[in-house]
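Number of protein chains: 2
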Amino acid sequence: MTTHQGQPAIVLLSGGLDSATTLAIARDAGHACHAMSFDYGQRHRVELDAARRIAESIGVNAHQWVTIDLRAFGRSALTDEITVPKDRDATQMAEAIPVTYVPARNTIFLSYALAYAEVIGATDIYIGVNAVDYSGYPDCRPQFITAFQAMANLATRATVGDGQRMTIHTPLIDWTKRQIITRGLELGVDYGLTHSCYDPDAVGHPCERCDACQLRIMAFSELGMKDPLIASQTA
Amino acid sequence: MTTHQGQPAIVLLSGGLDSATTLAIARDAGHACHAMSFDYGQRHRVELDAARRIAESIGVNAHQWVTIDLRAFGRSALTDEITVPKDRDATQMAEAIPVTYVPARNTIFLSYALAYAEVIGATDIYIGVNAVDYSGYPDCRPQFITAFQAMANLATRATVGDGQRMTIHTPLIDWTKRQIITRGLELGVDYGLTHSCYDPDAVGHPCERCDACQLRIMAFSELGMKDPLIASQTA
């Protein structure tokens with residue numbers, strides 16, 4: 108852990124490309140970042156390892172892990188044994204709420220972030236939601252974030268008793284994956300440390316065919332680059 | 108478990124007097140009730156036992172337990188080793204946010220309820236918050252509940268994709284403790300099964316002096332009755 112100065116902020120960190128970029132943006136904004144990651148029975152522990160590596164690489168003042176039990180009542184390809192769709196085109200990805208949707212996931216994650224913010228005296232929460240690639244997720248849309256922020260400002264002792272304002276920052280919300288990667292590279296994010304694949308092999312290598320893999324491979328390709336995860340696999 | 112017919116509803120059930128009454132009200136409204144209880148490192152396991160007894164007594168179609176880790180970052184007399192205030196008068200109880208406040212607790216609980224509602228296809232969530240006795244808790248106020256409901260209606264596949272409306276029911280929100288008990292008795296709630304004390308003794312008997320004990324003892328007294336928990340202790 109590092110001990111950066113600055114206003115404290117909570118940054119939700121999954122270990123993926125988007126949340127890594129979001130953490131770099133929060134750091135660049137001068138925040139003392141407190142990363143928060145969730146172990147919710149993901150099938151792939153490689154995602155949790157990625158969150159640890161990114162927090163260390165970019166630098167956080169603290170990294171809070173929360174174990175939560177979505178499996179008890181959730182239905183999702185990310186936690187249950189549902190087949191991950193492969194080789195879908197952009198239209199197929201956009202047309203429906205993906206099978207990988209976890210009920211109320213961002214609501215739950217942001218609620219924990221709100222509690223953590225109150226405890227450490229932070230009034231800024233960063234979340235790397237994106238309404239472009241994940242247009243089918245209700246809880247990735249700007250109107251959801253706005254409503255959550257309004258609720259958060261009525262929910263806690265800091266906002267109600269002490270008159271502070273809680274801000275939910277979504278720097279990536281209307282960016283394309285290409286824009287996200289471009290900004291992250293400017294800020295020095297090492298995307299070789301991230302993990303996005305819904306269906307990695309036994310040693311954590313990406314499948315290259317699920318929606319998450321395809322979106323990042325295409326974005327790096329548009330930038331004339333190779334996804335470092337794929338490059339390292341074939342090296 | 109029973110198998111009541113009717114529209115499914117999620118009922119948050121702590122094991123206290125308020126949530127027991129709320130469950131009875133939801134049943135009386137004709138709902139097939141799915142109780143949801145949280146194990147968040149409460150110091151007093153008697154509270155968890157009370158939730159089980161009440162669910163069985165009033166009748167639920169399912170009882171979902173969720174283990175959550177508030178202790179990791181929470182500061183509260185309910186989970187930490189903070190002295191529980193005793194022998195406070197009504198003014199003292201009302202004047203400040205109590206030491207027993209858990210950061211963002213109702214936000215987190217309602218977020219889990221929202222996920223559970225989506226999974227079982229429910230559009231009704233019941234929570235026994237009360238703005239009279241707990242005026243110092245930001246997340247017990249009507250404006251918080253209204254904001255949570257607005258957010259919930261933007262958060263899930265059911266509300267966004269399928270056009271359903273989620274309703275957060277707070278039947279007790281402006282009732283006095285006396286009104287709550289009166290309604291519960293009409294509905295046959297056995298308050299001897301509930302647990303409210305913040306500081307029970309080793310076998311679970313109430314201390315009779317913390318805010319929670321005093322509020323219920325006074326309310327039963329106003330009704331010319333003895334709190335059945337106190338009666339059973341001294342019998």
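Chains E and S, in that order, are what the protein sequence lines are. When the letters of the first sequence are read in order and numbered with my numbering, they come out as residues 108 to 342. When the letters of the second sequence are read in order and numbered with my numbering, they come out as residues 108 to 342. Backbone N, C-alpha and C define an ideal beta-carbon position, used for all residues, glycine too. None of these values were measured; they are calculated from a predicted model.
Check: Pick from E:ALA127, E:ARG152, E:VAL118, E:HIS111 that is closest to ALA309 (chain E), judged by C-alpha positions; Outcome: E:ARG152
Check: ASP231 (chain E) in three-state terms, based on DSSP; Outcome: strand
Check: When E:GLY291, E:ALA259, E:ILE234, E:LYS284 are compared against ALA319 (chain E), the one with the closest alpha-carbon; Outcome: E:LYS284
Check: Pick from E:ARG160, E:GLY123, E:THR174, E:ASP125 that is closest to TYR147 (chain S), judged by C-alpha positions; Outcome: E:THR174
Check: Partners in chain S for MET258 (chain E), counting only beta-carbon separations shorter than 8 Å; Outcome: THR214, PHE251, ALA254, PHE255, ALA257, MET258
Check: Runs of beta strand (DSSP E) lying entirely within the stretch 272 to 322 of chain E, each at least 3 residues, in chain order; Outcome: 274 to 276
Check: Exposure label - GLY331 (chain S); buried when at least 16 CB within 10 Å; Outcome: exposed
Check: Inter-residue spacing [alpha-carbon to alpha-carbon] between ASP306 (chain S) and TYR298 (chain E); Outcome: 51 Å
Check: CB of THR230 (chain S) within 7 Å of CB of MET273 (chain S), strictly; Outcome: yes
Check: Assigned secondary structure, VAL236 (chain S) (DSSP; H/G/I helix, E/B strand, else coil); Outcome: coil
Check: Environment of GLU225 (chain S) [buried if 16+ CB atoms lie within 10 Å]; Outcome: buried
Check: Buried versus exposed, by CB contacts within 10 Å (16 or more), ASP246 (chain E); Outcome: buried
Check: Segments of 4+ residues assigned as alpha helix (DSSP H) that fall wholly inside the stretch 120 to 168 of chain E; Outcome: 124 to 135, 153 to 165
Check: Cutoff 7 Å: PRO192 (chain E) Cβ touching any chain S Cβ; Outcome: no
Check: Test: ASP176 (chain S) CB closer than 7 Å to a CB of chain E; Outcome: yes
Check: Inter-residue Cα distance where the pair is ILE288 (chain E) and ASP240 (chain E); Outcome: 13 Å
Check: Under 8 Å by beta carbon: chain S residues contacting ALA133 (chain E); Outcome: Here the premise fails: no neighbours, minimum Cβ distance about 18 Å.
Check: The stretch 263 to 273 of chain E contacting the stretch 118 to 130 of chain E, beta-carbon criterion three pairs below 8 Å; Outcome: no
Check: Status (buried if at least 16 other CB within 10 Å, exposed otherwise) for GLU293 (chain E); Outcome: exposed
Check: Interfacial residues, the stretch 222 to 236 of chain E to chain S, with Cβ spacing under 9 Å; Outcome: ALA222, TYR223, ALA224, GLU225, VAL226, ILE227
Check: C-beta atoms of THR301 (chain E) and ALA157 (chain E) nearer than 7 Å; Outcome: yes
Check: Partner residues on chain E for ALA262 (chain S), Cβ-Cβ distance less than 7 Å; Outcome: ALA211, THR214, PRO245, ASP246, PHE251
Check: Bridge-paired residues (DSSP) for GLN171 (chain E); Outcome: E:MET143
Check: Euclidean distance between Cα positions of GLY255 (chain E) and SER218 (chain E); Outcome: Correcting the residue identity first, residue 255 (chain E) is Phe in this sequence and not Gly. Rounded to the nearest angstrom, the two C-alpha atoms are 9 Å apart.
Check: Own chain residues within Cβ distance below 7 Å of THR263 (chain E), not counting five before or after; Outcome: LEU221, GLU225
Check: Extent of the continuous alpha helix (DSSP H) run through THR266 (chain E); Outcome: 264 to 267
Check: Within chain S, partners of SER218 (chain E) - CB distance below 7 Å; Outcome: ALA211, THR214, ILE215, SER218
Check: Cβ-Cβ distance between LEU279 (chain S) and ASN237 (chain S) below 7 Å; Outcome: yes
Check: Where the alpha helix (DSSP H) containing ALA257 (chain E) begins and where it ends; Outcome: 249 to 259
Check: DSSP three-state assignment for PRO335 (chain S), whether helix, strand or coil; Outcome: helix
Check: Inter-residue Cα distance where the pair is SER126 (chain S) and ALA162 (chain S); Outcome: 10 Å
Check: Residue-chain proximity (VAL239 (chain S), chain E), Cβ-Cβ < 7 Å; Outcome: no
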